[in-house]
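*Asks:* Residue numbers (full-length UniProt numbering): 1 to 515.
All C-beta atoms in this analysis are idealised placements derived from N, C-alpha and C, irrespective of residue type, glycine included.
There's a structure below that I have some questions on.
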């Protein structure tokens, strides 16, 4: 299979130890030769190879004859995949294993089929004791429009948002199982926290089917794929509000706790012990959440930073000399520049980054609007000439979509009116909280978030730089390599502000607005 075809079909090949781990947690070991099992996205047979070995070995232990083993294989082991080449490799792989046990001419139920084609797959609903696999990971917007519409129509959990088709495979797997069936998948852990995963989280919780989660956190399991992985074990017969949580890596899997699913926040499933969950709930429920007493905003987004933002430009009276990365130099009017902070590298409030952004906007009341092209050409001729030189580059932004504001406008309008003024700044990812008060009102910012608060910014920043925030982020936020954590709005906005002085100011502001 070509690399681009692998990407198109969401192919990530599964290491054997993961296959064994999933089958062990499904208890697919003994008394399995009459049990039906399917991998609905079987690829070249990573799961089915181990399934076949266990199936035959279990039958041999029970002294079942080869002709009966062959018949049971044909009745009980199934695999479907959308890629014909993968299906043929899977069959060849299974034939090799079967021949070692002197089993020949098996009529495999390994079919080229789109498992998400509901008109086909519904014939197998309620049919299986086990569903296993590593379903494909493909953002639904990367599919062709026809297939995307069909998946959204057929699978309830994929109807909303920018979802991934592995979520549809969870729904499919549930319906393939019989009343006591079990499912074991390895997938990205994104469904725990994203809006797109909300339907799946609610589905699992409502049906009380979550038996086990094995979270690999920031450990990378797959070659050539940066994926934060999670093993999910579902059991239709579980009917409990608790599940077993494990964490680890290839070298070590450790039990954490039996978690009450009711303790999990509906917007963000945090995989940790019950004691930590209780403390996190206490933090979120105290006082008011940060998102209620303050406004959290993203910064400027140009979609072409190298052509708008310049570090250490040379000031020459009313003009500035800028240098592109390819060495070309241009003069532009100093008046069209604004000072800007790159928050992702900001360490302290006294830092002078000496960065400036070409800002082709003007104030109209309390809003910034684009400077019309004729005005730009007349008032800032050097800047206009520069923009003309890079017009082809600017037009290629956003996959070549036409900019609805102006061809020289920023790629996005976010941050135009909210990024100036006094604020608290935070990097999008960091090892520890580093909320920095920035009092230079003329500065805008990018590559981070700002917090606007009509009160004592230093007191709020001190509260946000607390051990409580570090504990909170370490447990609720998305993990990145080397233990970096996300400080995105979605992770900090529910942090509870319990300081009475901060809350008092918020109440005063509310009263002023209402009066």
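Ignore the nearest five residues each way along the sequence and tell me which others in residue 450's own chain have a CB closer than 6 Å to its CB.
*Replies:* Indexing the chain shown from 1 puts residue 450 at position 450. Excluding residues within five positions, the ones whose Cβ falls inside 6 Å are 297, 423 and 425.
*Asks:* Select from 98, 485, 54 and 501 the residue whose C-alpha is nearest the C-alpha of residue 462.
*Replies:* Stepping through the chain shown from its first residue, residue 462 is reached at position 462. The residue with the shortest Cα to Cα distance from residue 462 is 501.
*Asks:* Report buried or exposed for residue 396, applying the criterion of at least 16 other Cβ atoms within 10 angstroms of its Cβ.
*Replies:* Locating residue 396 in the chain shown gives position 396, where the first residue counts as 1. For residue 396, the number of other beta carbons within 10 angstroms of its own is below 16, and it is reported as exposed.
*Asks:* Using a Cβ distance threshold of 8 Å, determine whether the segment 185-200 contacts the segment 128-137, with at least three qualifying pairs required.
*Replies:* As far as the Cβ criterion goes, the segment 185-200 touches the segment 128-137, which means the pair count is three or higher.
*Asks:* Determine the contact status of residue 58 and residue 75, defining contact as a CB-CB distance below 8 Å.
*Replies:* Within the chain shown, numbered from 1, the residue matching residue 58 stands at position 58. Within the chain shown, numbered from 1, the residue matching residue 75 stands at position 75. No, these two residues do not count as a Cβ contact at 8 Å.
*Asks:* Identify, in the order they occur along the chain, each residue of the same chain with its Cβ nearer than 6 Å to the Cβ of residue 98, setting aside the five sequence neighbours on each side.
*Replies:* Numbered from 1 along the chain shown, position 98 holds the residue referred to as residue 98. Answer for residue 98: 106, listed in chain order.
*Asks:* Cα separation between residue 465 and residue 350?
*Replies:* One-based indexing of the chain shown puts residue 465 at position 465. One-based indexing of the chain shown puts residue 350 at position 350. Roughly 17 Å between the two C-alpha positions.
*Asks:* Starting from residue 413, trace the beta strand (DSSP E) both ways and give me its first and last residue.
*Replies:* For the purposes of this step, residue 413 is identified with residue 413 of the chain shown, where counting begins at 1. Counting along the chain, residue 413 falls outside any beta strand (DSSP E), and DSSP gives it neither H nor E.
*Asks:* Ends of the alpha helix (DSSP H) at residue 248?
*Replies:* In the chain shown, counting from the first residue as 1, residue 248 sits at position 248. Careful: residue 248 lies outside any alpha helix (DSSP H), inside the beta strand (DSSP E) at 242-248.
*Asks:* Spatial neighbours of residue 420 within its chain, please: C-beta separation below 6 Å, excluding the five flanking residues on both sides.
*Replies:* Walking along the chain shown from the start, residue 420 turns up at place 420. Excluding sequence neighbours, residue 420 sits near 444.
*Asks:* Skipping 5 residues on each side, what residues in its chain have a beta carbon closer than 8 Å to that of residue 20?
*Replies:* Within the chain shown, numbered from 1, the residue matching residue 20 stands at position 20. Cβ neighbours of residue 20 beyond the five flanking positions: 50.
*Asks:* Buried or exposed: where does residue 354 fall if 16 or more other Cβ atoms within 10 Å of its Cβ makes it buried?
*Replies:* As a working mapping, residue 354 is identified with position 354 in the chain shown. Per the 10 Å Cβ criterion, exposed.
*Asks:* Relative to the ligand COA, is the shortest distance from any of its heavy atoms to the C-beta of residue 235 smaller than 7 Å?
*Replies:* Summarising the ligand content, the structure contains no ligands, and the ligand COA is consequently not present.
*Asks:* Classify residue 190 as helix, strand or coil using the three-state DSSP reduction.
*Replies:* Taking the first residue of the chain shown as position 1, residue 190 is located at position 190. Reduced to three states, the DSSP call for residue 190 is helix.
*Asks:* With residue 70 and residue 103 assumed to form a contact (beta carbons below 8 Å), what rounded beta-carbon distance in angstroms separates them?
*Replies:* Counting from 1 along the chain shown, the entry for residue 70 is found at position 70. Counting from 1 along the chain shown, the entry for residue 103 is found at position 103. So it is a contact: roughly 6 Å between Cβ atoms.
*Asks:* Do residue 377 and residue 357 have their C-beta atoms closer together than 8 Å?
*Replies:* Residue 377 sits at position 377 when you count from the first residue of the chain shown. Residue 357 sits at position 357 when you count from the first residue of the chain shown. Between residue 377 and residue 357, the gap from beta carbon to beta carbon reaches 8 Å or more.
*Asks:* Along the chain, where does the alpha helix (DSSP H) containing residue 438 start, and where does it finish?
*Replies:* Start at 1 with the first residue of the chain shown, and residue 438 comes out as number 438. It is not in any alpha helix (DSSP H) - residue 438 instead sits in the beta strand (DSSP E) that spans 436-438.
*Asks:* Apart from the five residues just before and just after residue 175, which ones in its own chain have a Cβ nearer than 6 Å to its Cβ?
*Replies:* Within the chain shown, numbered from 1, the residue matching residue 175 stands at position 175. Contacts found: 125.
*Asks:* Can you tell which of 372, 272 and 431 has its C-alpha closest to the C-alpha of residue 405?
*Replies:* On the chain shown, position 405 is the one that residue 405 refers to. Residue 405 has its Cα closest to that of 372, out of 372, 272 and 431.
*Asks:* In the DSSP assignment, find the unbroken alpha helix (DSSP H) run with residue 449 in it and report its ends.
*Replies:* Numbered from 1 along the chain shown, position 449 holds the residue referred to as residue 449. It is not in any alpha helix (DSSP H) - residue 449 instead sits in the beta strand (DSSP E) that spans 449-452.
*Asks:* Starting from residue 234, trace the beta strand (DSSP E) in both directions and tell me its first and last residue.
*Replies:* Residue mapping note: residue 234 aligns to position 234 of the chain shown, counting from 1. Looking at the DSSP string, the run of the beta strand (DSSP E) that includes residue 234 is 229-235.
*Asks:* Could you check if residue 478 is buried or exposed, using at least 16 other CB atoms within 10 Å of its CB as the buried criterion?
*Replies:* Along the chain shown, read from residue 1 onward, the residue named residue 478 stands at position 478. Label assigned to residue 478: buried.
*Asks:* According to DSSP, which residues form a beta bridge with residue 517?
*Replies:* Given that the chain is displayed from residue 1 to residue 515, the structure contains no residue 517 and the question cannot be resolved.
*Asks:* Nearest-angstrom Cα distance between residue 10 and residue 400?
*Replies:* The sequence position of residue 10 within the chain shown is 10, counting from 1. The sequence position of residue 400 within the chain shown is 400, counting from 1. Confidence at residue 10 is low in this model, with a pLDDT of 43, below 50, so the placement of that residue is unreliable and no value is reported for it.
*Asks:* By the three-class DSSP mapping on this structure, what secondary structure does residue 442 have?
*Replies:* Residue numbering aside, residue 442 sits at position 442 when the chain shown is read from its first letter. The answer is coil: DSSP assigns residue 442 none of H, G, I, E or B.
*Asks:* Looking only at DSSP bridge pairs, what is residue 78 linked to?
*Replies:* Counted from its first residue, the chain shown places residue 78 at position 78. Bridge partners of residue 78: 38 and 109.
*Asks:* Indicate the three-state DSSP secondary structure (helix, strand or coil) for residue 160 in the structure shown.
*Replies:* Here residue 160 corresponds to residue number 160 of the chain shown, with the count starting at 1. Here residue 160 sits in coil by DSSP.
*Asks:* In whole angstroms, give me the CA-to-CA distance for residue 148 and residue 118.
*Replies:* Here residue 148 refers to the residue found at position 148 when the chain shown is read from its first residue. Here residue 118 refers to the residue found at position 118 when the chain shown is read from its first residue. Roughly 13 Å between the two C-alpha positions.
*Asks:* Would you report the Cα separation of residue 91 and residue 208, rounded to the nearest angstrom?
*Replies:* Translated into positions along the chain shown, residue 91 becomes position 91. Translated into positions along the chain shown, residue 208 becomes position 208. The straight-line gap from Cα to Cα measures roughly 36 Å.
*Asks:* Would you tell me roughly how many angstroms separate the C-alpha atoms of residue 429 and residue 497, rounded to the nearest one?
*Replies:* Numbered from its first residue, the chain shown carries residue 429 at position 429. Numbered from its first residue, the chain shown carries residue 497 at position 497. Cα-Cα distance, rounded: 21 Å.
*Asks:* Answer yes or no: do residue 94 and residue 54 have a C-beta to C-beta separation smaller than 8 Å?
*Replies:* Numbered from 1 along the chain shown, position 94 holds the residue referred to as residue 94. Numbered from 1 along the chain shown, position 54 holds the residue referred to as residue 54. Contact flag unset, no.
*Asks:* Could you name each continuous beta strand (DSSP E) segment of 3 residues or more that falls completely within the segment 103-150, going from the start of the chain to the end?
*Replies:* 109-112 and 128-133
*Asks:* Please identify the residue among 324, 304 and 379 whose C-alpha is closest to the C-alpha of residue 334.
*Replies:* Counting from 1 along the chain shown, the entry for residue 334 is found at position 334. Out of 324, 304 and 379, 379 has the C-alpha closest to the C-alpha of residue 334.
*Asks:* If residue 243 sits next to residue 210, beta carbons under 8 Å apart, how far is it from one beta carbon to the other, in whole angstroms?
*Replies:* Mapped onto the chain shown, residue 243 falls at position 243. Mapped onto the chain shown, residue 210 falls at position 210. Yes, residue 243 and residue 210 are in contact; Cβ-Cβ is about 4 Å, under 8 Å.
*Asks:* Only counting the same chain, and skipping five residues up and downstream in sequence, which positions put a Cβ closer than 6 Å to that of residue 6?
*Replies:* Position 6 of the chain shown, counting from 1, holds the residue named residue 6. Reliability fails at residue 6, whose pLDDT of 43 lies under 50, so the model's placement of it is uncertain and the value that follows must be treated cautiously. So the list is empty, once near-sequence residues are dropped.
*Asks:* Is the beta carbon of residue 495 sitting closer than 8 Å to the one on residue 314?
*Replies:* The residue labelled residue 495 in the question sits at position 495 within the chain shown. The residue labelled residue 314 in the question sits at position 314 within the chain shown. Taking 8 Å as the Cβ cut-off, residue 495 and residue 314 do not qualify as a contacting pair.
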